[in-house]
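Protein chains in written order, with the working numbering: chain L, 4 to 277; chain C, 3 to 274. Each residue gets a CB set at the ideal place from its N, CA and C atoms; glycine is no exception. On a predicted model such as this, the values are computed, not experimentally measured, just so you know. Working notes, structure below.
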């Protein structure tokens with residue numbers, strides 16, 4: 004039913020500093036994400052997950068393989084670096100709302116820049132999307148005046164205003180406390196339910212991954228590639244009581260071993276480097 | 003407005019400030035009236051005229067147009083030097099920040115010239131510029147210029163990469179990124195640089211006026227608060243030296259407050 008937002012990652016290789024230290028960050032990584040799917044990428048810190056995200060977003064080049072979005076090549080042979088575009092919007096770990104613009108100017112930024120909507124039209128759309136997300140009454144505030152949880156939600160609305168095929172989320176809830184996090188998860192699923200956009204979500208929190216995702220890819224520690232890809236067969240809409248379900252716990256048991264293994268490897272590697 | 007002034011006047015930090023100033027004045031008064039304390043001479047403060055005699059010297063000056071023209075002349079030099087420093091320094095810093103080639107060509111020379119104190123430029127600029135007035139303005143300009151450029155450059159370079167990436171993803175052109183990310187992202191640093199630069203211009207203008215005689219010999223208009231202090235020193239009026247010093251303090255305070263409030267006006271998002 005959903006035709007936009009299919010990602011095909013094939014044999015992607017990324018080497019940092021190829022002439023010098025030649026650190027292999029991503030090694031022949033392949034992953035298929037269906038249109039309208041929430042794909043969770045789980046792996047230890049510094050394993051190369053963000054490198055993959057940057058390659059899709061077009062912030063970094065790759066050294067081999069290819070990435071296709073809806074059959075079109077973003078990067079691959081002959082084109083090392085994808086061009087950033089409004090079909091792939093990143094929500095950053097520390098947030099990237101422009102501090103000097105108030106909420107409404109932040110949210111309307113994309114469509115106005117692309118010339119898709121006039122400022123007035125963009126404001127109308129922004130107001131209704133923010134109302135949908137339960138974010139009314141803050142449009143004239145600066146991001147610095149909002150709590151970090153509200154800032155993340157505003158940023159996701161800003162991303163959706165671009166009508167992207169894919170949302171790329173780079174550990175967006177990492178800095179939040181666990182109570183706020185659970186609220187954020189439900190609000191993200193609510194947004195997903197309304198927009199059915201493909202979500203590429205990086206995290207190192209397995210419970211978060213299983214709660215949100217319908218596909219979970221557990222990555223190896225550097226160099227990064229999928230170690231185990233599984234489908235979470237718990238139907239949407241999900242609410243937070245899911246985490247105590249039998250099926251959820253079975254999935255946790257199935258996967259936590261693999262995640263723990265990689266975490267240990269990454270830790271050991273870190274000790275060597277240090 | 004009136005409420006906020008009232009709040010300011012009755013706040014505990016304002017009260018502390020006022021009390022501290024009064025205690026300081028009292029201490030100064032006592033020290034300069036009694037040169038010897040238990041047979042020991044009070045160091046430097048004992049040699050300075052007492053606040054009451056300073057005020058006595060000041061009161062007739064308040065009516066003296068010559069005194070106020072010194073204020074006017076110094077302020078004019080400070081603000082013209084400062085204004086040119088802003089007008090040239092901000093674009094200059096921005097070009098260094100966004101253009102690698104320009105940075106490579108200009109920055110080394112800039113870094114060699116920067117440590118030279120503005121006052122070291124005084125003799126050269128007296129030779130170089132046709133009037134003393136212009137040489138004072140030039141030295142004042144230099145005082146603020148380096149600070150402003152360094153702040154603009156540092157501010158623009160420290161804008162987080164994420165903002166550029168987000169703007170690019172959302173379809174911004176290079177010009178949009180400059181106008182909507184680089185410029186607003188640098189404004190807080192410009193405000194800081196301007197406030198610091200303003201302080202330096204006052205330091206510089208006073209010294210420059212003393213050294214170049216306020217432009218009087220070279221047919222300039224002469225005067226200025228620095229010249230006033232120097233003249234009082236030559237004339238042996240120690241009270242007036244202190245009057246001049248405090249006048250500069252007040253003038254600098256007012257200028258900084260103006261610059262700070264302009265800065266706050268342009269950076270509403272940094273207000274807490």
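Is the beta carbon of residue 163 of chain C sitting closer than 8 Å to the one on residue 99 of chain C? Going by C-beta atoms, residue 163 of chain C is not nearer than 8 Å to residue 99 of chain C.
Could you tell me whether the Cβ atoms of residue 194 of chain L and residue 136 of chain L are closer together than 8 Å? Residue 194 of chain L places its beta carbon less than 8 Å from that of residue 136 of chain L.
Assigned secondary structure, residue 180 of chain C (DSSP; H/G/I helix, E/B strand, else coil): Shown here, residue 180 of chain C sits in a helix according to DSSP, grouped into three states.
Comparing C-alpha positions only, which one of L/249, L/220 and L/234 sits nearest to residue 228 of chain L? Here the closest residue by C-alpha is L/220.
Residues in the segment 58 to 69 of chain C with C-beta within 8 Å of chain L's C-beta atoms, listed in sequence order? Within the segment 58 to 69 of chain C, no residue has a Cβ that lies closer than 8 Å to any Cβ of chain L.
Is it right to say residue 249 of chain C is buried, meaning 16 or more other beta carbons lie within 10 angstroms of its own, or is it exposed? Residue 249 of chain C is buried by the Cβ-count criterion.
CB-CB length for residue 210 of chain C against residue 238 of chain C, believed under 8 Å: 23 Å between Cβ atoms; not a contact.
Does the contact criterion of 3 or more C-beta pairs under 8 Å hold for the segment 171 to 178 of chain L versus the segment 46 to 59 of chain L? Remark: three or more beta-carbon pairs, one from each stretch, lie closer than 8 Å, so the segment 171 to 178 of chain L and the segment 46 to 59 of chain L are flagged as touching.
Report, in whole angstroms, the separation of the C-beta atoms of residue 191 of chain C and residue 156 of chain C, which I expect to be a contact under 8 Å. Under the criterion of beta carbons closer than 8 Å, residue 191 of chain C and residue 156 of chain C qualify as touching, at roughly 6 Å.
Taking all protein chains shown into account, do 16 or more other C-beta atoms lie within 10 angstroms of the C-beta of residue 6 of chain L, making it buried, or fewer, making it exposed? Of the other Cβ atoms in all chains shown, fewer than 16 fall within 10 Å of the Cβ of residue 6 of chain L; this residue is therefore exposed.
Ignore the nearest five residues each way along the sequence and tell me which others in residue 27 of chain L's own chain have a CB closer than 6 Å to its CB. Here the set comprises 18 and 226.
What are the boundary residues of the beta strand (DSSP E) that residue 227 of chain C is part of? Premise fails: residue 227 of chain C lies in the alpha helix (DSSP H), 227 to 237, not in any beta strand (DSSP E).
Compare the C-beta of residue 276 of chain L against all C-beta atoms of chain C and say whether one is closer than 8 Å. With a pLDDT of 44 at residue 276 of chain L, under the threshold of 50, the modelled position of that residue is not reliable, and the figure given next carries that caveat. No - not a single Cβ of chain C is within 8 Å of the one on residue 276 of chain L.
Would you say residue 164 of chain C faces chain L, with C-beta separation under 8 Å as the test? It does: the Cβ of residue 164 of chain C has a partner Cβ on chain L nearer than 8 Å.
Rounded straight-line distance, which links the Cα of residue 104 of chain L to that of residue 107 of chain C: Their Cα atoms are separated by approximately 34 Å.
Cβ contact (3+ pairs, closer than 8 Å) linking the segment 127 to 136 of chain C and the segment 66 to 79 of chain L: Too few Cβ pairs lie closer than 8 Å, so no.
Beta-carbon within less than 8 Å of residue 10 of chain C's beta-carbon, same chain only, minus the 5 sequence neighbours each way: which residues are those? Residues of the same chain with a CB within less than 8 Å of the CB of residue 10 of chain C, apart from the 5 flanking positions on each side, are 16 in chain order.
Hey, residue 203 of chain L and residue 10 of chain L: beta-carbon distance below 8 Å or not? Yes, the Cβ-Cβ distance between residue 203 of chain L and residue 10 of chain L is below 8 Å.
In or out: residue 56 of chain C buried (at least 16 other Cβ within 10 Å) or exposed? Residue 56 of chain C should be labelled buried.
Near-chain C residues of the segment 50 to 84 of chain L (beta-carbon distance less than 7 Å), N- to C-terminal order: Within the segment 50 to 84 of chain L, the residues whose Cβ lies closer than 7 Å to any Cβ of chain C are, in chain order, 60 and 62.
Alpha helix (DSSP H) segments (min. 4 residues) lying fully within the segment 191 to 259 of chain L: Entirely contained in the segment 191 to 259 of chain L, the alpha helix (DSSP H) runs reaching 4 residues are, in chain order, 209 to 215.
Residue 243 of chain C burial status per 10 Å Cβ neighbour count (16 or more: buried): With 16 or more other Cβ atoms within 10 Å, it is buried.
From residue 59 of chain C to residue 121 of chain C, what distance separates their C-alpha atoms? Approximately 30 Å, taken between the alpha carbons.
Taking the runs of the beta strand (DSSP E) that are 3 residues or longer, which of them lie wholly in the segment 22 to 88 of chain L? Listed in chain order, the complete beta strand (DSSP E) runs (minimum 3 residues) inside the segment 22 to 88 of chain L are 26 to 36, 41 to 45, 67 to 72 and 75 to 78.
Going along chain C in order, which residues have a C-beta closer than 9 Å to the C-beta of residue 89 of chain L? Here the neighbours are 171, 172 and 173.
Any chance the segment 204 to 224 of chain L sits against the segment 232 to 243 of chain L, with 3 or more Cβ pairs inside 8 Å? With the cut-off at 8 Å, the segment 204 to 224 of chain L and the segment 232 to 243 of chain L touch.
Do residue 36 of chain L and residue 223 of chain L have their C-beta atoms within less than 8 Å of each other? Their beta carbons are not under 8 Å apart, which means residue 36 of chain L does not touch residue 223 of chain L by this criterion.
Compute the beta-carbon to beta-carbon distance between residue 179 of chain C and residue 193 of chain C, rounded to the nearest angstrom, for a pair I have assumed lies under 8 Å. With 8 Å as the limit, residue 179 of chain C and residue 193 of chain C do not qualify as a contact, their Cβ atoms being about 21 Å apart.
Does the beta carbon of residue 177 of chain C sit closer than 8 Å to a beta carbon anywhere in chain L? At a cut-off of 8 Å between beta-carbon atoms, residue 177 of chain C makes no contact with chain L.
Chain L beta carbons: is any one of them nearer than 8 Å to that of residue 167 of chain C? Output row for residue 167 of chain C: interface = yes.
Enclosing beta strand (DSSP E) for residue 118 of chain C [first to last residue]: Following the DSSP letters along the chain, one finds residue 118 of chain C in no beta strand (DSSP E), marked with neither H nor E.
What does DSSP give as the partner residue(s) for residue 171 of chain L in the beta ladder? Paired residues: L/93 and L/203.
Thinking C-beta only, is residue 154 of chain C closer than 8 Å to residue 246 of chain C? No. Outside cutoff.
Who are the Cβ neighbours of residue 78 of chain L in its own chain at under 8 Å, not counting the five residues just before and after it? 58, 61, 64, 65, 69, 70, 84 and 85, listed in sequence order.
Which two residues bound the contiguous alpha helix (DSSP H) that contains residue 164 of chain C? First-last of the alpha helix (DSSP H) with residue 164 of chain C: 163 to 171.
Looking only at its own chain, which residues have a Cβ that is under 8 Å from the Cβ of residue 153 of chain L, when we skip the five neighbours before and after it? Result list for residue 153 of chain L: 138 and 141, in chain order.
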